[in-house]
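Residue 406 in the numbering used here sits at position 351 of the sequence shown, with consecutive numbering throughout.
Glycine included, each C-beta is placed from N, C-alpha and C at the ideal position.
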Amino acid sequence: MNPSRRIMVLGAGDLGRRVFHELAHTTRERHVQLVGRDEEVALRAANLTRFSALQRGFTPTVGHACTDLTDVARTAERIAAFAPDIVFLAASYQSWWVISTLEAAAFQRVYAANYGPWLPMHLVPVMKAMEAVRLSGTEALIVNAAYPDAVHPALAAVGLSPDIGIGNVANNVPGITAAAADELGRSTADVQVRLVAHHYVSHRLSRHGDSGPAAMGLGIRLDGRDVTAELDTAALLRRLPAQYRRTGGLAGQTMTAASALSVLEPLADGRDAVVHAPGVDGALGGCPVAIESGKFRVLLPDGMTDEQAHAINVSGQAQDGIREIRADGTVLFEPASMAVMTEELGYDCPEMRLSEAEDRAREIAERFAEYRTRTTT
Ligand SMILES: NC(=O)c1ccc[n+]([C@@H]2O[C@H](COP(=O)([O-])OP(=O)(O)OC[C@H]3O[C@@H](n4cnc5c(N)ncnc54)[C@H](OP(=O)(O)O)[C@@H]3O)[C@@H](O)[C@H]2O)c1
Numbered sequence: 056m057n058p059s060r061r062i063m064v065l066g067a068g069d070l071g072r073r074v075f076h077e078l079a080h081t082t083r084e085r086h087v088q089l090v091g092r093d094e095e096v097a098l099r100a101a102n103l104t105r106f107s108a109l110q111r112g113f114t115p116t117v118g119h120a121c122t123d124l125t126d127v128a129r130t131a132e133r134i135a136a137f138a139p140d141i142v143f144l145a146a147s148y149q150s151w152w153v154i155s156t157l158e159a160a161a162f163q164r165v166y167a168a169n170y171g172p173w174l175p176m177h178l179v180p181v182m183k184a185m186e187a188v189r190l191s192g193t194e195a196l197i198v199n200a201a202y203p204d205a206v207h208p209a210l211a212a213v214g215l216s217p218d219i220g221i222g223n224v225a226n227n228v229p230g231i232t233a234a235a236a237d238e239l240g241r242s243t244a245d246v247q248v249r250l251v252a253h254h255y256v257s258h259r260l261s262r263h264g265d266s267g268p269a270a271m272g273l274g275i276r277l278d279g280r281d282v283t284a285e286l287d288t289a290a291l292l293r294r295l296p297a298q299y300r301r302t303g304g305l306a307g308q309t310m311t312a313a314s315a316l317s318v319l320e321p322l323a324d325g326r327d328a329v330v331h332a333p334g335v336d337g338a339l340g341g342c343p344v345a346i347e348s349g350k351f352r353v354l355l356p357d358g359m360t361d362e363q364a365h366a367i368n369v370s371g372q373a374q375d376g377i378r379e380i381r382a383d384g385t386v387l388f389e390p391a392s393m394a395v396m397t398e399e400l401g402y403d404c405p406e407m408r409l410s411e412a413e414d415r416a417r418e419i420a421e422r423f424a425e426y427r428t429r430t431t432t
């Protein structure tokens with residue numbers, strides 16, 4: 056396989072800019088383009104990346120472009136003009152951290168809804184981007200950051216799923232690897248972790264050190280031998296928010312960017328790798344995956360079947376606030392999660408067809424803006 060070298064980052068927010076920046080700091084020949092909706096933001100970010108790469112002796116080709124994802128034809132033109140090998144989607148109408156900018160008490164109340172009810176804020180920009188991908192005729196690999204655990208299975212129903220997601224299940228794997236290696240008295244290089252977990256569980260692990268009411272699957276190998284049964288894995292996970300705690304919030308998106316690069320760089324460089332990712336080939340939830348010649352092969356913990364892995368991810372999905380994603384892409388939300396949204400924002404959406412997602416995203420944005428005003432003292 057020829058190494059892919061042209062990478063388009065679509066979405067010039069915090070995560071998109073971080074990943075774009077890192078992709079340019081390399082001795083490999085790469086052409087990276089940052090695409091935002093604001094010319095000034097995209098130009099400045101691209102120049103910052105270009106100049107800091109030059110400062111360190113790297114000479115990547117760096118550029119920028121503009122589009123608004125709601126303009127599918129324009130986005131398709133941008134994609135066709137750049138002819139990327141890989142597109143990294145990092146756009147969202149409302150990133151996960153935005154609710155944390157509410158006043159503390161309001162944040163705590165809204166946080167109780169979990170992530171699922173906010174799905175339209177991630178699904179719609181990805182859907183628009185994928186419509187543009189199809190219209191452009193590109194055969195680029197599409198890698199997405201925005202809630203792939205649920206966005207991909209919903210969009211898979213209409214043939215619009217990105218190829219693979221990043222983050223979530225991946226974000227705790229280095230911490231678990233470090234904790235296991237320390238417990239075993241060995242180098243992290245000798246330890247391989249295989250984790251099956253939905254977004255809900257990955258979010259919980261770093262904060263509570265367990266998977267709560269959801270299931271998860273964890274396998275640990277030492278020198279290629281399964282040693283899971285020899286370890287107290289529950290005690291190990293409890294150390295994640297204790298001695299293995301890490302910086303969170305926006306600054307903590309360094310971890311997410313690293314998870315994104317763990318997928319993007321092997322694809323860009325034509326290398327095989329074993330990584331963790333959500334939404335692999337449109338699947339629900341997250342799991343370990345082998346990247347082999349640009350294709351993906353799910354690698355489960357020893358002894359786990361595909362059906363067991365799927366059931367684990369479905370249990371996490373329910374805790375995240377999504378009861379079911381139907382074969383036609385219709386999403387049914389968990390009443391308990393939605394009740395929080397109704398109580399706080401006045402938003403009620405028991406069921407959403409894909410064709411309704413745009414209106415739902417608009418409604419959430421309006422209600423959230425009103426809520427912020429109402430709860431700000
Ligand atoms: N998988 C993971 O582990 C993980 C971890 C962290 C974040 N994420 C997800 O990654 C995504 C990005 O997160 P972030 O923190 O970087 O968010 P962010 O800073 O808010 O960036 C989102 C970007 O999307 C852009 N955007 C919104 N609507 C657009 C449109 N119509 N056309 C073009 N661009 C548009 C925004 O543009 P403007 O700047 O012009 O508003 C913004 O630059 C979110 O879905 C977030 O939840 C995933």
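beta-carbon residue i near ligand 1 non-hydrogen atom, thresh 7 Å
i: G177; result: Correcting the residue identity first, residue 177 is His in this sequence and not Gly. Checking the Cβ of H177 against ligand 1 gives yes.
i: L239; result: no
i: R415; result: no
i: V96; result: yes
i: N368; result: no
i: E223; result: In the sequence as displayed, the identity of residue 223 is Asn instead of Glu. Yes, ligand 1 has a heavy atom inside 7 Å of this Cβ.
i: R259; result: no
i: Y426; result: no
i: D287; result: no
i: R262; result: no
i: R92; result: yes
i: T125; result: yes
i: L70; result: yes
i: Q308; result: yes
i: A412; result: no
i: G66; result: yes
i: N227; result: no
i: P180; result: yes
i: S314; result: yes
i: A201; result: yes
i: E430; result: Reading off the sequence, residue 430 comes out as Thr, not Glu. Because no heavy atom of ligand 1 lies under 7 Å away, the Cβ of T430 does not count as near it: no.
i: Y299; result: no
i: S150; result: yes
i: S147; result: yes
i: T302; result: no
i: T311; result: yes
Enclosing beta strand (DSSP E) for residue i [first to last residue]
i: F25; result: Since the displayed the chain opens at 56 and closes at 432, residue 25 lies outside it and no answer follows.
i: A120; result: T116 to C121
i: E379; result: I377 to I380
i: V248; result: V246 to V251
Range of the contiguous alpha helix (DSSP H) that encloses residue i
i: R61; result: Unbroken run through R61 is the beta strand (DSSP E), R61 to L65; no alpha helix (DSSP H).
i: L273; result: Premise fails: L273 lies in the beta strand (DSSP E), G272 to L277, not in any alpha helix (DSSP H).
i: H76; result: D69 to A79
i: L89; result: First-last for L89: H86 to G91, but that is the beta strand (DSSP E), not the alpha helix (DSSP H).
i: Y426; result: A412 to T430
i: E285; result: Where E285 is concerned, there is no enclosing alpha helix (DSSP H), given that its DSSP letter is neither H nor E.
i: R437; result: No answer is possible for residue 437: the residues shown for the chain start at 56 and end at 432.
i: L103; result: E94 to Q110
i: A136; result: V127 to F137
**Every unbroken alpha helix (DSSP H) within the segment 291–369, with a cutoff of 4 residues, ordered by chain** = 308–324
**Inter-stretch contact at 8 Å, needing at least 3 Cβ pairs: the segment 122–131 / the segment 178–197** = yes
**Message:** Across the segment 324–331 and the segment 197–217, are there enough close Cβ pairs to call them in contact, namely three or more that are closer than 8 Å?
**Reply:** no
**Item:** the segment 379–387 touching the segment 148–156, judged by at least three CB pairs closer than 8 Å
**Value:** no
**Asked** Touch check for the segment 372–386 and the segment 263–280: three-plus C-beta pairs under 8 Å?
**Response** yes
**Asked** Are three or more beta carbon pairs between the segment 98–105 and the segment 67–78 nearer than 8 Å?
**Response** yes
**Prompt:** Which runs of the beta strand (DSSP E) spanning at least 3 residues fall entirely within the segment 142–227, listed in chain order?
**Reply:** 196–199
**Asked** Are at least three pairs of beta-carbons, each pair with one atom in the segment 195–207 and one in the segment 246–262, less than 8 Å apart?
**Response** yes
**Asked** Do three or more CB pairs link the segment 132–152 to the segment 395–402 at distances below 8 Å?
**Response** no
**Asked** Do the segment 289–303 and the segment 401–417 meet, that is, are 3 or more Cβ pairs less than 8 Å apart?
**Response** no
**Asked** If you pair each beta-carbon of the segment 89–98 with each one of the segment 60–72, do three or more pairs fall below 8 Å?
**Response** yes
**Asked** Counting pairs of beta carbons, one from the segment 297–306 and one from the segment 166–173, are three or more of them closer than 8 Å?
**Response** no
**Asked** Is there contact here, the segment 329–344 with the segment 223–234, by at least three beta-carbon pairs under 8 Å?
**Response** yes
**Message:** If contact is defined by three or more beta carbon pairs under 8 Å, each pair taking one atom from either stretch, is the segment 335–345 in contact with the segment 207–214?
**Reply:** yes
**Message:** Contact between the segment 130–145 and the segment 190–198 is defined here as three or more beta-carbon pairs at a separation below 8 Å; is this criterion met?
**Reply:** yes
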